[in-house]
Amino acid sequence: MKYKRVLIKLSGEGLANKVKSLAIDYELVEKFALQLQKIVKAGIEVAIVVGGGNFWRGTSAAKNGIPRVRADYIGMLATTMNALALQSGFEAKKLKCRVLSSLTMDPKVCEVYVNEKASKYMSDGEIVIFAGGTGRAYFTTDTAATLFASEVDCQAILMGKNNTNGVYDDDPKTNRNAKKYDTITYDEILKKNLKIMDQTAVSMARDNGLDVIVFDINEENALFRAINGDIPCTIIKK
Ligand code: UDP
7 MKYKRVLIKL
17 SGEGLANKVK
27 SLAIDYELVE
37 KFALQLQKIV
47 KAGIEVAIVV
57 GGGNFWRGTS
67 AAKNGIPRVR
77 ADYIGMLATT
87 MNALALQSGF
97 EAKKLKCRVL
107 SSLTMDPKVC
117 EVYVNEKASK
127 YMSDGEIVIF
137 AGGTGRAYFT
147 TDTAATLFAS
157 EVDCQAILMG
167 KNNTNGVYDD
177 DPKTNRNAKK
187 YDTITYDEIL
197 KKNLKIMDQT
207 AVSMARDNGL
217 DVIVFDINEE
227 NALFRAINGD
237 IPCTIIKK
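Just so we're aligned: the sequence shown equals residues 7 to 244 in our numbering.
Next up, the structure:
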């Protein structure tokens, strides 16, 4: 395996099942759990950051008159709901899993994030889900992913996407000749303003030497194959 400790970024919107009007697609969570079983068995240590876009996005709510900071706190709570749902789905498949929140929550709901605790759980083979994003408004869960990956010393972020399998030089939906990169540097992403993750997240990943692997989350066994470097993807490097 290429990496020993990884962080998986799951988008909130990708967790929904639009056909069945479900905020959380339980079959999808089960599929993730089955892949995680293999990943944990292979000795890979796993953290997860989950978004909240299936329930709430701060920027959209702010457009409808909710003050932005409050709207963002609601978004952070949405990520916590997703984290708890994932935890349940994973535990149902006998995976050991903890939810650690950036926001101080009642301990009956989940634990509060403490760096050493997160690292210890991961070393012990438990999956750690970071809830509540960075805990601050005006950030995104992409930035939370690079922040936590840096804090707990992951070598790579697996960025599973729903609508693409990598980074392209133009939008492949509107330009049939758009070219996919096998690898690309952070500086090129910033210079060309390629919108694969937000710019704060890109700079932080660059400054902390993380690899980001962008791939299609809907591919068979996507998570396991992405760690192995055995999936169509783009690797973003320093
Ligand atoms: N959010 C925030 N600070 C963070 C992370 C998230 O305020 O550090 C809020 C923000 O309102 C955002 C929402 O939580 O719109 C959901 O997160 P995000 O949009 O990143 O989720 P995703 O797009 O991955 O589903």
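Using N, Cα and C, we set each Cβ at its ideal position, and we do this for glycine too.
Measure from the alpha carbon of Leu-153 to the alpha carbon of each residue in Asn-234, Asn-121, Asp-176 and Arg-63, then state which is nearest. Across the set Asn-234, Asn-121, Asp-176 and Arg-63, the C-alpha of Asn-121 shows the shortest separation from the C-alpha of Leu-153.
Take Lys-244 and list the residues in its own chain whose beta-carbon comes closer than 7 Å to its own, dropping the five residues that flank it on each side. Cβ contact annotation for Lys-244 (same chain, cutoff 7 Å, sequence separation greater than five): Thr-191, Tyr-192, Arg-212 and Gly-215, in chain order.
Quick check: the Cα distance between Ile-80 and Val-105, rounded to an integer number of angstroms? Cα to Cα, the separation comes out at about 18 Å.
Inspect the CB distances between the segment 10-19 and the segment 42-60 and report whether three or more fall short of 8 Å. Judged by Cβ distances under 8 Å, the segment 10-19 makes contact with the segment 42-60, as three or more pairs qualify.
Mind checking if Pro-238 is an interface residue toward chain C, Cβ cutoff 8 Å exclusive? Annotation note: the requested chain C is absent from the structure, which comprises a single protein chain.
Beta strand (DSSP E) containing Arg-104: first to last residue? Counted as a single uninterrupted DSSP element, the beta strand (DSSP E) harbouring Arg-104 occupies residues 103-107.
For the ligand UDP, is there a heavy atom less than 7 Å away from the beta-carbon of Gly-215? Relative to the ligand UDP, the beta carbon of Gly-215 is positioned no closer than 7 Å to any heavy atom.
Using the Cα positions of Val-208 and Asp-188, report the straight-line distance between them to the nearest angstrom. One C-alpha to the other measures close to 17 Å.
Opposite Asn-23 in the DSSP bridges: which residues? As a beta-bridge residue in DSSP terms, Asn-23 pairs with Leu-28.
For Phe-154, three-class secondary structure by DSSP: Helix at Phe-154.
To the nearest angstrom, how far is the alpha carbon of Ser-27 from that of Lys-186? Cα atoms of Ser-27 and Lys-186: separation of roughly 33 Å, rounded to the nearest angstrom.
Cβ-heavy atom distance, Thr-206 to the ligand SAM, below 7 Å: Among the ligands present in this structure, namely the ligand UDP, the ligand SAM is not found.
According to DSSP, which residues form a beta bridge with Tyr-79? Answer is none; Tyr-79 lacks a bridge partner.
Status (buried if at least 16 other CB within 10 Å, exposed otherwise) for Val-220: With 16 or more other Cβ atoms from the protein chains shown falling within 10 Å of its own Cβ, Val-220 counts as buried.
For Val-120, three-class secondary structure by DSSP: Reduced to three states, the DSSP call for Val-120 is coil.
Secondary structure at Asp-222, three-state DSSP: helix, strand or coil? Asp-222 falls in the strand class under three-state DSSP.
DSSP bridge partner residues for Ile-211 (one or two, in chain order): Looking at the sequence provided, one finds Ala at residue 211 rather than Ile. Bridge pairing for Ala-211: absent [DSSP].
What are the boundary residues of the beta strand (DSSP E) that includes Lys-15? Per DSSP, Lys-15 belongs to the beta strand (DSSP E) from 11-16.
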